[in-house]
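Student: In this note's numbering, the protein residues as written are 54 to 183. No residue lacks a Cβ here, since even glycine has one placed at the ideal position from N, Cα and C.
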Amino acid sequence: MENAFQAKAQDKPFVVEYYYKAKWGYADEFIRLFKKNHYPLLKKQIKLGNALQVMAEIPVNHGTEEGRWDYRIRIVWKNVQIAHDDSGDEAILKQLFPDQETLKREEQHRFEILLAHWDAPVKTVNLEDK
Numbered sequence: 054m055e056n057a058f059q060a061k062a063q064d065k066p067f068v069v070e071y072y073y074k075a076k077w078g079y080a081d082e083f084i085r086l087f088k089k090n091h092y093p094l095l096k097k098q099i100k101l102g103n104a105l106q107v108m109a110e111i112p113v114n115h116g117t118e119e120g121r122w123d124y125r126i127r128i129v130w131k132n133v134q135i136a137h138d139d140s141g142d143e144a145i146l147k148q149l150f151p152d153q154e155t156l157k158r159e160e161q162h163r164f165e166i167l168l169a170h171w172d173a174p175v176k177t178v179n180l181e182d183k
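#1: According to DSSP, simplified to helix, strand and coil, what is lysine 76?
#2: Could you pull out every residue in the same chain whose Cβ sits closer than 7 Å to the Cβ of tyrosine 79, ignoring the five residues on either side in sequence?
#3: Would you list the one or two residues that DSSP bridges to histidine 170?
#4: Measuring only the C-alpha atoms, how far is glutamate 159 from arginine 127?
#5: In or out: alanine 136 buried (at least 16 other Cβ within 10 Å) or exposed?
#6: Pull up the DSSP beta-bridge partners for valine 178, would you.
#7: Buried or exposed: where does lysine 65 fall if 16 or more other Cβ atoms within 10 Å of its Cβ makes it buried?
#8: In the DSSP assignment, what are the bridge partners of glutamine 148?
#9: Rounded to whole angstroms, how far is the Cβ of lysine 74 from the Cβ of alanine 169, which I believe are closer than 8 Å?
#10: What are the residues that DSSP puts in a beta bridge with tryptophan 130?
#11: Count the other CB atoms, across all protein chains shown, that sit within 10 Å of the CB of arginine 85; report buried if there are 16 or more and exposed otherwise.
Okay, here's the thing in structure tokens:
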């Protein structure tokens, strides 16, 4: 029975929200580098069927510094296993970006300008359940 439950859970979409808090004045640079170097990888994951949706969001209003975030990237992965398996990413990145030195340098900089980054797997709560 447990194996059947695990198999069913493995076949469900898995949602992760990735939060990014940039140093003051660097949020635009962060998203520019994200779009240039990481978003193409995510689009390829959608094309391969590994990801179902990628969405970026920004807060409308300001919050406190400790609760501040600049970008939330929400990815709906095909399942939990794929969400945690980045084994094919290197080959895809080499295909997408022949100049690996520039990619490596820009990706390092993208993370250097962050103050914080955290991942939050989420699941939907059915409000109709009793």
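Tutor: Concretely, from the data shown:
#1: coil
#2: Ile166
#3: Tyr73
#4: 22 Å
#5: buried
#6: Paired residues: none, contrary to the question.
#7: exposed
#8: Glutamine 148 is not bridged to any residue.
#9: 4 Å
#10: Phe67 and Ala104
#11: exposed
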